[in-house]
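So the sequences go chain by chain: A and B.
Under our numbering, think of the first position of the first sequence as 1, with each following residue one higher.
Under our numbering, think of the first position of the second sequence as 445, with each following residue one higher.
Backbone N, C-alpha and C define an ideal beta-carbon position, used for all residues, glycine too.
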Amino acid sequence: MNPGAPPSRSCTLSIRARLLLVTLATLVACSVLVLVFAGREFTAQARAELADRVERHLSLIAEPMTAQVVVGDYEVLAKMLDEAARRTYIAEVSWVDSHGVVLRALGEPVENVAPDWFVRWTGIARIARSRAIEVGGKVYGQLTIAASAVAHVNQAWDRVLTVGELLLLASGVLLAIQQLVVERALRPLAQLSAAARRLGAGDYAARIPARGPPELAALAGAFNGMAANLQRVVTSLRDALAHNRLLATVVEQSNDAILTKDLDGRITSWNRGAERIFGYAASEAIGAHVSILHSPGKPGELDTVIDRVRNARPAVFEAERVRKDGSLITIASSVSPLHDEAGRHVGEISVIRDITANKQAEQALFVARERARVTLDALGEGVIRVDAGERIEYLNPAAERLTGWRADAALGRRCARATGPYGGSNGSRPPCATAMGRNRDGWS
Amino acid sequence: MLGVALALLPAAGHGAPPREFGVVTQRSALLTASYWNPILAWVSSKSGVALELKLNKSGAEHSAMVGRGTFDFVYTNHNFKPDNEAAGYRVIAKPRGAGIRGEIVLLEDSPVRDLAGLRGRTVAFPHAAAFVGYQVPMQALVRAGVTVTPVFGGNQEGAMGQLKAGRAEAASVNSQVMRDYAKRERLRYRVLWRSEEFPDIPVSVHPRVPQREAEAVRSALTGMADDPEGARILAVSAALVKEEPPYGFEPATDADYAGVRRVYAAGTPGDKR
Numbered sequence: 001m002n003p004g005a006p007p008s009r010s011c012t013l014s015i016r017a018r019l020l021l022v023t024l025a026t027l028v029a030c031s032v033l034v035l036v037f038a039g040r041e042f043t044a045q046a047r048a049e050l051a052d053r054v055e056r057h058l059s060l061i062a063e064p065m066t067a068q069v070v071v072g073d074y075e076v077l078a079k080m081l082d083e084a085a086r087r088t089y090i091a092e093v094s095w096v097d098s099h100g101v102v103l104r105a106l107g108e109p110v111e112n113v114a115p116d117w118f119v120r121w122t123g124i125a126r127i128a129r130s131r132a133i134e135v136g137g138k139v140y141g142q143l144t145i146a147a148s149a150v151a152h153v154n155q156a157w158d159r160v161l162t163v164g165e166l167l168l169l170a171s172g173v174l175l176a177i178q179q180l181v182v183e184r185a186l187r188p189l190a191q192l193s194a195a196a197r198r199l200g201a202g203d204y205a206a207r208i209p210a211r212g213p214p215e216l217a218a219l220a221g222a223f224n225g226m227a228a229n230l231q232r233v234v235t236s237l238r239d240a241l242a243h244n245r246l247l248a249t250v251v252e253q254s255n256d257a258i259l260t261k262d263l264d265g266r267i268t269s270w271n272r273g274a275e276r277i278f279g280y281a282a283s284e285a286i287g288a289h290v291s292i293l294h295s296p297g298k299p300g301e302l303d304t305v306i307d308r309v310r311n312a313r314p315a316v317f318e319a320e321r322v323r324k325d326g327s328l329i330t331i332a333s334s335v336s337p338l339h340d341e342a343g344r345h346v347g348e349i350s351v352i353r354d355i356t357a358n359k360q361a362e363q364a365l366f367v368a369r370e371r372a373r374v375t376l377d378a379l380g381e382g383v384i385r386v387d388a389g390e391r392i393e394y395l396n397p398a399a400e401r402l403t404g405w406r407a408d409a410a411l412g413r414r415c416a417r418a419t420g421p422y423g424g425s426n427g428s429r430p431p432c433a434t435a436m437g438r439n440r441d442g443w444s
Numbered sequence: 445m446l447g448v449a450l451a452l453l454p455a456a457g458h459g460a461p462p463r464e465f466g467v468v469t470q471r472s473a474l475l476t477a478s479y480w481n482p483i484l485a486w487v488s489s490k491s492g493v494a495l496e497l498k499l500n501k502s503g504a505e506h507s508a509m510v511g512r513g514t515f516d517f518v519y520t521n522h523n524f525k526p527d528n529e530a531a532g533y534r535v536i537a538k539p540r541g542a543g544i545r546g547e548i549v550l551l552e553d554s555p556v557r558d559l560a561g562l563r564g565r566t567v568a569f570p571h572a573a574a575f576v577g578y579q580v581p582m583q584a585l586v587r588a589g590v591t592v593t594p595v596f597g598g599n600q601e602g603a604m605g606q607l608k609a610g611r612a613e614a615a616s617v618n619s620q621v622m623r624d625y626a627k628r629e630r631l632r633y634r635v636l637w638r639s640e641e642f643p644d645i646p647v648s649v650h651p652r653v654p655q656r657e658a659e660a661v662r663s664a665l666t667g668m669a670d671d672p673e674g675a676r677i678l679a680v681s682a683a684l685v686k687e688e689p690p691y692g693f694e695p696a697t698d699a700d701y702a703g704v705r706r707v708y709a710a711g712t713p714g715d716k717r
């Protein structure tokens, strides 16, 4: 089934409507069958009953009529025939004697209440039965009763209608009961539907009672299990998202540049620190090759980087990089291989700090120290520098000469307590005795 | 709509129409027809004279038809009534065996012990034309000075039915028919009064019937008991009404019924009915 296709008309029907339709169709089919069979049965009964009634009626009137026939009282006989024809199903009662005298009484026509198709279907025809009136071996004549089929067709039709009414009543009761049962049975489905809507709206605590028929109870249980799992997953996702947002915030707000690149050296993420350090906006940097950060004059360096990235080698190093404006900066970088959720090696993550200023400060300090050292070394007076603990930190050449201590031997020694104010490694006094008093600042 | 149509279709018979054989109904019409039809069928086949049983709704009607000479043959004694003598019926045969008597009978447990006890009480009669059922006993009652309330059952067994049902205190009946009826219906009865014996009801022929036919019928009737098939039919018919043997008929003449004519001639209060 194509999930995008519109639902068929039958699919739009509710379960209750489907059950109703199926039940109605079944009931109608069964009712038709029952009515057909009942109609046949009633018709057969009516036919047999009609024949039996005619036979019985004939027997009933034959004897009293025989007495009148024997005495030849045709006036009374005519009245008896007339009376005999009063039965509703009698069409005609006739007497034909042995001399050919005919007496005939016609019954009251019966209105046909059954529809024509039923009359044709029953096939009940007029039934006539005759009996010879014979007394003592002499046949006086023939008594005939002809019964109209109309009354019995009406009777059969009436019975069919009664059965139909009973079927209708039974069907109505059955449908009502079925609807009640379906209503009760589907109630958990309605609850399930409501719970599913709540779940869809974000209420992951939605649960339904696992009651009702076993199938629906199992469905409710499955739904509750699914909802619980979903709740756990969503909670976990929320936690993960929060964590990720925190991480993203940390990365984004980090003063250091944090960037990632793929195995081909293309930049895949670029934080604000990177924008600040390198001057490229994230939109410019992401997707660009990492070579934009390298000095064009050092092609071998880029190859080394790509090789390191592809071989997943972590490293901590300092290097020079090029900013967007073309200026060089010194960076301290810590790189680590980057793996995706499946553990596949997809690139490298770099945490970069701009240490250009530090490097410049170090350089300036180095220069200043060199200058001071050259100046002190050039002085004719001895200079000894000690720390707060009176340990010797510096000893210029003049001091070496004055104290007899070589700078490398004196460094770290206590200036006074170890050797006294004078004396050196060659038995001379430590330099402090000559170069320092009791000045606790260290310098004298 | 109820209606009765009466139509007469062309006669389907062959040759001459059958001779009408009128029978006085002592029993129910059905039982009478069941009794007589097999006999008449046999006689018809034996005599070559087609006979057709004719019954009437009542004894009075039968008596009237006898008087008019409607029937060709009759099994009756109404032809002995003075009013019916003109019809000219001639006796040709009568049943074998003892004659008949008129009886006034009661249910066995009736408190009535004599004719006087019937005074003012209801007595059932077959009909006013019945000989031993009405004429004879009524004359006896008149002679005894007993006035009763008569009810008519239409025929002999009709009167007996009135007695059995308790609608009459007594019934005036033909002794033979009563005996047969009581046997058939298991009725326990007591005879309060019994008449002298009279010859049984005869078969008579109307003068219009050719002598040859009359003789053929008489011959067949009187010879029936001697014919195996005829005897069998007589026995079967007798069994229907619980009639006791001997069965069949024997020759008879008008002279045998002079006593009957006398009784009829004496008349009764019911003659005008």
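To the nearest angstrom, how far is it from the Cα of residue i to the Cα of residue j?
| i | j | result |
| --- | --- | --- |
| aspartate 303/A | alanine 248/A | 30 Å |
| leucine 450/B | asparagine 618/B | Confidence in leucine 450/B is poor, its pLDDT being 43 and thus under 50, which makes the residue's placement too unreliable to answer from. |
| valine 661/B | glycine 136/A | 19 Å |
| tyrosine 204/A | arginine 211/A | 20 Å |
| alanine 185/A | proline 213/A | 7 Å |
| glycine 164/A | tryptophan 157/A | 10 Å |
| valine 468/B | tyrosine 519/B | 6 Å |
| arginine 540/B | alanine 62/A | 34 Å |
| valine 316/A | glycine 279/A | 23 Å |
| arginine 238/A | alanine 190/A | 30 Å |
| threonine 419/A | aspartate 408/A | Annotation note: pLDDT 44 at threonine 419/A (below 50); position unreliable, coordinate value reported separately. Straight-line Cα distance between these residues: approximately 16 Å. |
| leucine 81/A | glutamate 55/A | 15 Å |
| histidine 345/A | serine 334/A | 17 Å |
| serine 396/B | glutamate 629/B | Beyond the ends of chain B as shown, which are 445 and 717, falls residue 396/B; an answer cannot be given. |
| valine 389/B | threonine 593/B | The question about residue 389/B has no answer here: the residues shown for chain B are numbered 445 through 717. |
Whose C-alpha, out of the options, is nearest the C-alpha of residue i?
| i | options | result |
| --- | --- | --- |
| serine 616/B | Leu562/B, Val549/B, Gln583/B and Glu673/B | Val549/B |
| glycine 406/B | Lys501/B, Ala477/B, Tyr708/B and Ala612/B | A query on residue 406/B cannot be resolved here, the shown segment of chain B reaching from 445 to 717 and no further. |
| arginine 705/B | Arg463/B, Asn500/B, Val535/B and Pro526/B | Pro526/B |
| serine 639/B | Glu552/B, Ser491/B and Leu585/B | Leu585/B |
| alanine 228/A | Ala196/A, Val322/A, His243/A and Ser254/A | Ala196/A |
| alanine 149/A | Arg313/A, Val335/A, Ala51/A and Arg266/A | Ala51/A |
| glutamine 231/A | Val335/A, Ala201/A and Val250/A | Ala201/A |
| tryptophan 480/B | Ala696/B, Ala702/B, Gly703/B and Leu684/B | Leu684/B |
| glutamate 348/A | Pro337/A, Asp354/A and Ala342/A | Pro337/A |
| threonine 356/A | Glu390/A, Thr375/A and Glu320/A | Glu320/A |
| phenylalanine 575/B | Thr666/B, Ala626/B, Ser507/B and Leu551/B | Ser507/B |
| glycine 221/A | Pro188/A, Arg245/A, Asn244/A and Ala114/A | Pro188/A |
Let me check one thing: in DSSP terms, what residues is residue i bridge-paired to?
| i | result |
| --- | --- |
| glycine 347/A | Asp262/A and Leu338/A |
| valine 374/A | Its beta-bridge partners do not exist; DSSP assigns none. |
| tyrosine 633/B | Leu551/B |
| arginine 187/A | Per DSSP, none; premise fails for arginine 187/A. |
| proline 594/B | Val567/B |
| valine 617/B | Glu547/B |
| aspartate 97/A | Gly141/A |
| alanine 194/A | For alanine 194/A, which the question treats as bridged, DSSP gives no partner whatsoever. |
| aspartate 354/A | Ile331/A |
| phenylalanine 223/A | The partner list for phenylalanine 223/A (beta bridge, DSSP) is empty, contrary to what the question assumes. |
For residue i, would you say it is in contact with chain A, using Cβ-to-Cβ distances shorter than 9 Å as the test?
| i | result |
| --- | --- |
| tyrosine 479/B | yes |
| alanine 508/B | no |
| serine 681/B | yes |
| alanine 460/B | no |
| asparagine 500/B | yes |
| proline 482/B | yes |
| leucine 497/B | yes |
| threonine 520/B | no |
| alanine 603/B | no |
Quick one: does residue i have its CB under 9 Å from some CB of chain B?
| i | result |
| --- | --- |
| aspartate 73/A | yes |
| valine 119/A | no |
| valine 76/A | yes |
Please list the partners that residue i has in chain D, where partner means a Cβ-to-Cβ separation under 8 Å.
| i | result |
| --- | --- |
| alanine 67/A | Here the protein chains are A and B, and chain D is not one of them. |
Cβ-based contacts, 8 Å cut-off: residues of the stretch 82-94 of chain A near chain B: Asp82, Ala85 and Arg86
Positions along the stretch 123-153 of chain A whose CB lies within less than 7 Å of some CB in chain B: Val135, Gly136, Gly137 and Lys138
Members of the stretch 41-71 of chain A near chain B, C-beta cut-off 7 Å: Thr66, Ala67, Val70 and Val71
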